[in-house]
Structures are given as C-alpha cells and as structure tokens.
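Undergrad:
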Amino acid sequence: MARIKFEAVGKRYPNGYVALDNLDLDIADKEFLVLLGPSGCGKSTTLNMIAGLEDVSEGMLYFDNEAMNAVPPHKRDVSMVFQSYALYPHKTVYENIAFGLRMRKHPAVEIDYRVRDAARRLEIEALLERRPDQLSGGQRQRVALGRAMVRQPLAFLMDEPLSNLDAALRISMRAEIKQMHQAMQTTFVYVTHDQAEALTLADRIVVMRGGVVQQIGTPDAIYERPGNMFVASFLGNPPINFLEGAIATEGETVLFKRGPLEIRLPPHIAEKVAGDAGRTVVLGLRAEDIDAHGERRRRETLQGRIVSVLPVGSDQFLKVTVEGVELFFRVGKEVQHREGENLSLAVNLNRLHLFDKQSGHSLVW
Ligand SMILES: Nc1ncnc2c1ncn2[C@@H]1O[C@H](COP(=O)(O)OP(=O)(O)OP(=O)(O)O)[C@@H](O)[C@H]1O
Ligand SMILES: [Mg+2]
C-alpha cells in the first residue's frame with residue numbers, strides 16, 4: 001500500500017531559489033503518475049522529496065496516513081531510478097542489479113533468478129559481467145532500471161529512465177515499464193519531459209512549469225481539455241496552432257475574427273464568450289483537426305497557401321499560411337502537395353480551443 005500525498009508542499013533550496021510552490025497532489029495506491037514539464041520545472045525536486053533525498057521546506061508529505069517529512073530515505077522503502085543512473089562503478093552489472101536484494105538478505109538462488117529475468121526483459125543479458133564504465137549511456141540506464149525492477153518496494157520513483165535510449169528501444173522499454181507496473185501492482189511516480197511518453201504511460205499526468213502545477217488529469221483530459229495555452233502547447237505533435245484574434249458577434253452568431261478571416265464558434269464555445277465582443281483571444285487548432293482532403297460537414301473552410309511540405313515517413317506535415325498566420329498539420333500521402341500551391345482547409349469546429357490572450361487560460365473548459 002502506498003498512497004503518496006502532498007499537502008501545500010513547497011521547496012526552497014538553500015540559495016533561496018523556490019523550485020516548487022504549494023503542491024497539492026494525492027497519488028492513489030497503484031497509480032501510474034507522470035510528472036511532465038520542461039527542463040528546470042521542478043520534476044526531479046518533487047521526486048527527490050518523495051525519496052527523502054531533499055527535505056520538504058513547507059507543507060506535509062504523507063505515505064498513506066503517515067507523515068514522512070522527518071523519515072530518512074532508507075526507511076521509506078521506495079525504489080528509485082535516478083536521472084544520472086547512480087550505479088556502483090566497481091561492481092559488475094550483475095552485482096549492481098543484485099545489490100538491493102543482497103542488502104535485504106534474499107537467498108542466492110532467488111537473486112540469480114530475479115537478476116537474470118530483469119536482464120532478459122531489458123535486453124542486457126550479454127552485459128552482466130561488465131562494469132558501468134564499459135557501457136553506453138543507454139545500457140547504463142537499463143541497468144539502473146533493472147536494479148529497481150528486481151525489488152518489490154512500496155513505490156517506484158523513476159527520473160527520466162529512458163532519456164538516453166534510441167527511438168525503437170524507448171518504445172519497447174515503455175512497454176516493459178507498463179507491464180512492470182501491471183505485474184507489480186505498485187505506485188509509480190515517473191518523471192519525463194517527453195509528452196508522448198507521458199500520454200502512453202500515465203493514469204494521470206501532472207503538468208508543471210516553473211515549480212507551479214499547471215494541470216492534473218488523465219492523459220485524455222490533459223490533451224482534449226487543456227486548461228491553458230502552456231498545457232495545450234506542451235502536448236501534441238506537431239504542436240497545436242495558435243491564432244490571435246478577437247471575439248465578434250453578428251446577431252446570434254459568435255465569431256472568432258482576425259482581419260478578413262472569420263471562424264464561426266460552435267455553440268458550446270459561443271455560449272461562454274457571447275458577451276465578450278472585442279476581447280482579444282487565441283484560437284487553438286490541433287494539427288489533426290485540420291484536414292485538406294476529408295469531409296467538410298460541420299467544418300469551416302479556410303483558404304491557405306503551402307509554405308513547406310515535410311514528409312515524415314507514414315504521412316506528411318504541411319506548413320500553410322492563412323491570412324498571414326502559419327498553420328502546421330498532417331495529411332496522408334495519397335495526394336502529392338507542392339510548395340506555393342493553394343489549398344482549402346477544413347477545420348473541425350467541434351474541437352476548437354479558445355484562450356484568453358492576457359492570462360492564457362482556456363475560455364472553454
Ligand atoms: N541544489 C539546488 N540548489 C539550488 N537550486 C537548485 C538545486 N537543485 C535544483 N535547483 C533548481 O531548481 C529548479 C528545478 O530543478 P529540477 O532538477 O527539479 O528540475 P527538472 O524539472 O528535474 O529539470 P530537468 O528536466 O532538466 O531534469 C531548477 O531551476 C534548478 O536549477
Ligand atoms: Mg530532472
């Protein structure tokens with residue numbers, strides 16, 4: 001059992017820098033929680049506080065109902081994979097993975113079984129007799145994962161454990177970690193700056209920026225209903241398109257207007273901003289909600305010109321200008337496009353996002 005709970009937790013480093021501000025977060029037992037955000041936003045700091053490697057400057061941290069603020073790291077029974085691997089340099093890969101089990105006096109036969117099983121899953125069986133300095137970064141990272149995998153702690157804490165792997169290995173290791181979570185039935189707190197990884201692994205995602213939580217929710221909620229422009233732009237590939245403009249009304253119709261470009265707002269958005277004529281707003285259009293070839297029912301058509309065509313294997317990204325704004329979106333390969341070509345785009349009105357320009361907050365959710 002490990003429910004991990006932050007109550008108004010803050011972290012101020014000795015030099016006065018506030019790395020985490022007023023975090024309220026209740027991580028359920030057996031949950032897979034992902035901390036997501038750009039470099040320096042406080043992800044490792046948060047994880048290190050759970051492990052007890054950094055003290056809590058303000059507020060309370062609980063495991064189940066027990067206050068942990070004053071409990072030293074070795075009494076917390078968590079298993080951590082560090083961003084910097086933290087392997088024992090003089091021990092072999094085998095002994096690095098076995099170390100935690102030896103400390104806890106597990107029988108040698110069981111240790112051997114668990115070490116070899118982890119090594120097989122992580123595709124490092126051939127490296128068991130090497131020392132860390134004889135490994136690549138990605139191989140070290142997998143040894144660090146193996147060391148966590150063989151234990152059965154209250155919670156797994158993982159700090160960017162896949163950041164040094166190539167694309168193919170990263171996908172297969174994600175699947176391993178997901179399977180590991182299902183098999184172990186334990187709480188996972190996982191740090192990454194990779195939005196795709198967060199969307200794949202998480203039960204819930206915490207999006208952070210500058211030590212402040214921006215949004216907490218399921219991958220679907222965070223992706224479909226971003227609460228502000230930062231969250232909207234941090235998730236999605238290619239990133240969401242933003243168009244600055246203003247709200248306008250014509251009789252009953254509520255419009256987004258940018259020069260001659262007008263987009264009729266769908267009822268669920270119109271009702272929220274009907275009284276805001278003249279307000280400066282930012283329209284958010286996800287790449288997959290713009291279509292150059294598909295059906296146009298309940299869609300708005302925009303006229304654009306292709307600036308560049310970027311093939312990405314399975315399909316192609318198009319960069320198009322519409323009334324001086326550049327939009328990025330993805331189309332299939334069945335139609336060949338050329339730079340300079342004029343194109344009419346269908347926008348899925350049901351999936352528009354709208355933000356207040358000033359605050360960046362969503363006006364829809
Ligand atoms: N010991 C320290 N003293 C002062 N400031 C620190 C200390 N450790 C980290 N910081 C600062 O706190 C902020 C958060 O750091 P943290 O390591 O938690 O970020 P992160 O989200 O893990 O980033 P990354 O993705 O680059 O690993 C950063 O601005 C960092 O410079
Ligand atoms: Mg970090």
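Going by my numbering, 219 is the number at position 219 of the sequence shown; the sequence numbering is gapless.
All C-beta atoms, glycine included, are put in the ideal place defined by N, C-alpha and C.
Note that the coordinates shown come from a computational prediction; the quantities given were computed from them, not determined experimentally.
1) Based on the DSSP output, what are the partners of Ser163 in its beta bridges?
2) Just to check, is the beta-carbon of Ser44 closer than 7 Å to a non-hydrogen atom of ligand 2?
3) Ends of the beta strand (DSSP E) at Arg209?
4) Only counting the same chain, and skipping five residues up and downstream in sequence, which positions put a Cβ closer than 8 Å to that of Ile269?
5) Is the beta carbon of Val309 less than 8 Å from the beta carbon of Glu262?
6) For the structure I just gave you, are there three or more beta carbon pairs, one from the region 199 to 215 and one from the region 27 to 47, closer than 8 Å?
7) What residue ranges within the region 70 to 145 form continuous beta strand (DSSP E) runs of no fewer than 3 residues, ordered along the chain?
8) Sort Glu271, Arg258 and Glu250 by Cα distance to Val282 and report the nearest one.
9) If you draw a straight line from the C-alpha of Ala19 to the C-alpha of Gly251, how long is it?
10) How many angstroms separate the CA atom of Met68 from the CA atom of Asp26?
11) Tell me whether Asn164, by its Cβ, gets closer than 7 Å to a heavy atom of ligand 1.
12) At a threshold of 7 Å, does Gln358 count as lining ligand 1 (C-beta to nearest heavy atom)?
13) Comparing alpha-carbon positions, which option in Met158, Ala196, Tyr17 and His361 lies nearest Gly284?
14) Could you give the C-beta distance for Ala292 and Leu345, rounded to a whole number, given that I count them as a contact under 8 Å?
15) Can Gln83 be considered in contact with ligand 2, in the sense that its beta carbon sits closer than 7 Å to one or more heavy atoms?
16) Using a Cβ-Cβ cutoff of less than 6 Å, which residues in the same chain neighbour Arg76 once the five nearest sequence positions on both sides are dropped?
17) Return the residue from the list Gln185, Glu300 and Met229 that minimises the CA-CA distance to Asp356.
18) Hey, is Val191 close to ligand 2, as in C-beta under 7 Å from one of its heavy atoms?
19) Out of Thr187, Thr192 and Arg142, which one is the CA nearest neighbour of Ser172?
TA: In brief:
1) Your numbering for residue 163 matches position 163 in the sequence shown. Beta-bridge partners of Ser163 (DSSP): none assigned.
2) Locating residue 44 in the sequence shown gives position 44, counting from the first residue. Answer for Ser44: yes, Cβ within range of ligand 2.
3) Working through the sequence shown from its first residue, we reach residue 209 at position 209. Per DSSP, Arg209 is one residue of the beta strand (DSSP E) stretching across Arg204 to Arg209.
4) Translated into positions along the sequence shown, residue 269 becomes position 269. Excluding sequence neighbours, Ile269 sits near Val254, Leu352, Leu354, Leu363 and Val364.
5) Numbered from its first residue, the sequence shown carries residue 309 at position 309. Numbered from its first residue, the sequence shown carries residue 262 at position 262. No; because the gap between Cβ atoms is not below 8 Å, this pair is not in contact.
6) Three or more Cβ pairs drawn from the region 199 to 215 and the region 27 to 47 lie within less than 8 Å of each other, which places the two stretches in contact.
7) List check, beta strand (DSSP E) in window: 78 to 81.
8) Here the question's residue 282 lines up with position 282 in the sequence shown. Ranking the options by Cα distance to Val282, first place goes to Arg258.
9) On the sequence shown, residue 19 is found 19 positions in, with the first residue counted as 1. On the sequence shown, residue 251 is found 251 positions in, with the first residue counted as 1. Rounded to the nearest angstrom, the two C-alpha atoms are 49 Å apart.
10) In the sequence shown, the residue the question calls residue 68 occupies position 68. In the sequence shown, the residue the question calls residue 26 occupies position 26. Rounded to whole angstroms, Met68 to Asp26 spans 14 Å at the Cα level.
11) Along the sequence shown, one-based indexing puts residue 164 at 164. For Asn164, the shortest C-beta to heavy atom distance toward ligand 1 is 7 Å or greater.
12) Along the sequence shown, read from residue 1 onward, the residue named residue 358 stands at position 358. Incorrect: Gln358 has no Cβ contact closer than 7 Å to ligand 1.
13) What you label residue 284 is simply residue 284 of the sequence shown in a count that begins at 1. The residue with the shortest Cα to Cα distance from Gly284 is His361.
14) Locating residue 292 in the sequence shown gives position 292, where the first residue counts as 1. Locating residue 345 in the sequence shown gives position 345, where the first residue counts as 1. Rounded, the Cβ-Cβ distance is 6 Å, consistent with contact.
15) The residue labelled residue 83 in the question sits at position 83 within the sequence shown. Correct: Gln83 has its Cβ closer than 7 Å to ligand 2.
16) Here residue 76 corresponds to residue number 76 of the sequence shown, with the count starting at 1. The answer, listed in chain order, is Gly52.
17) Counting from 1 along the sequence shown, the entry for residue 356 is found at position 356. For Asp356, the nearest C-alpha among the options comes from Met229.
18) Locating residue 191 in the sequence shown gives position 191, where the first residue counts as 1. Checking every heavy atom of ligand 2 against the Cβ of Val191, one is found closer than 7 Å.
19) Against the sequence shown, residue 172 aligns to sequence position 172. Closest by alpha carbon: Arg142.
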